[in-house]
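Taking it in order: structure first as structure tokens, then the write-up.
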Amino acid sequence: MSKQEEAGLILKLYELRREDTMRKARDWYFREFSPETMADFNSAMFSDKSAYLRMVITYWDMAAGLVNNGAIGIEMFDDTNGEHIGTFSKIEPILGEIRAMYSPKFAANLEKLIDASPDGRKRVAMAREQMQAIRARLAAQNAMAAQQS
551 MSKQEEAGLI LKLYELRRED TMRKARDWYF REFSPETMAD FNSAMFSDKS AYLRMVITYW
611 DMAAGLVNNG AIGIEMFDDT NGEHIGTFSK IEPILGEIRA MYSPKFAANL EKLIDASPDG
671 RKRVAMAREQ MQAIRARLAA QNAMAAQQS
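For the sequence shown, the working numbering gives the first residue as 551, with consecutive numbering after it.
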């Protein structure tokens, strides 16, 4: 596939991410979805946000499948995307449990891409730490605001 065709696919993926429901799903996933246990994951999976959860993970798993199968080169994909790292970071600690309960292939393309990316697992760990730090900072700010009112 030519670089122009790869670029076209990346732009199409970006276009899909801008769709209104997908934007809402991504916003929810990164702001509110922070599973620490399988119970947390199941709580989201069987809530009114289930579609959002499935939409975000399957979107990035599909995009990863395009890379894994050569439709988009890994270097170009990594140069133009990073959200897949954050997406995977939220489910990685409980991925074995998710697969045992739902499907052995759950997020398999995404995991394969992470493992093929330079420093993939390291980037995932760093993303998870950054998101935890942000959540802790926001919780502290909210607690201070609550005390002041």
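Idealized CB from N, CA, C, for every residue including glycine.
Delimiting residues of the alpha helix (DSSP H) encompassing residue i
{"i": "D590", "result": "M588 to M595"}
{"i": "M572", "result": "D570 to R581"}
{"i": "A657", "result": "First-last for A657: undefined, no H or E at that position."}
{"i": "M681", "result": "G670 to Q698"}
Buried versus exposed call for residue i [16 or more other C-beta atoms within 10 Å across all chains shown]
{"i": "L660", "result": "buried"}
{"i": "T571", "result": "exposed"}
{"i": "D577", "result": "exposed"}
{"i": "K640", "result": "buried"}
{"i": "G670", "result": "buried"}
{"i": "D628", "result": "buried"}
{"i": "Y652", "result": "exposed"}
{"i": "R604", "result": "exposed"}
{"i": "N631", "result": "buried"}
{"i": "I622", "result": "buried"}
{"i": "D611", "result": "buried"}
{"i": "R673", "result": "buried"}
{"i": "E642", "result": "buried"}
{"i": "A693", "result": "exposed"}
{"i": "A677", "result": "buried"}
{"i": "E679", "result": "exposed"}
{"i": "E625", "result": "exposed"}
Inter-residue spacing [alpha-carbon to alpha-carbon] between residue i and residue j
{"i": "K562", "j": "E569", "result": "11 Å"}
{"i": "A650", "j": "P668", "result": "28 Å"}
{"i": "E586", "j": "A695", "result": "26 Å"}
{"i": "A613", "j": "R567", "result": "11 Å"}
{"i": "E738", "j": "A689", "result": "No statement about residue 738 is possible, as the shown extent of the chain runs from 551 to 699 and does not include it."}
{"i": "Y579", "j": "F596", "result": "15 Å"}
{"i": "G615", "j": "S600", "result": "22 Å"}
{"i": "A575", "j": "L559", "result": "21 Å"}
{"i": "I644", "j": "E565", "result": "30 Å"}
{"i": "L683", "j": "A594", "result": "Per the sequence shown, residue 683 should be read as Ala rather than Leu. In a straight line, the C-alpha of A683 is about 22 Å away from that of A594."}
{"i": "Y602", "j": "S552", "result": "33 Å"}
{"i": "F638", "j": "D590", "result": "16 Å"}
{"i": "A658", "j": "R685", "result": "27 Å"}
{"i": "L663", "j": "N618", "result": "6 Å"}
{"i": "Q698", "j": "V606", "result": "37 Å"}
Check your understanding: In the segment 596-651, which residue ranges form an unbroken alpha helix (DSSP H) of at least 4 residues, counting only runs that do not cross its ends?
Key -> 600-618, 624-630, 633-641 and 645-651
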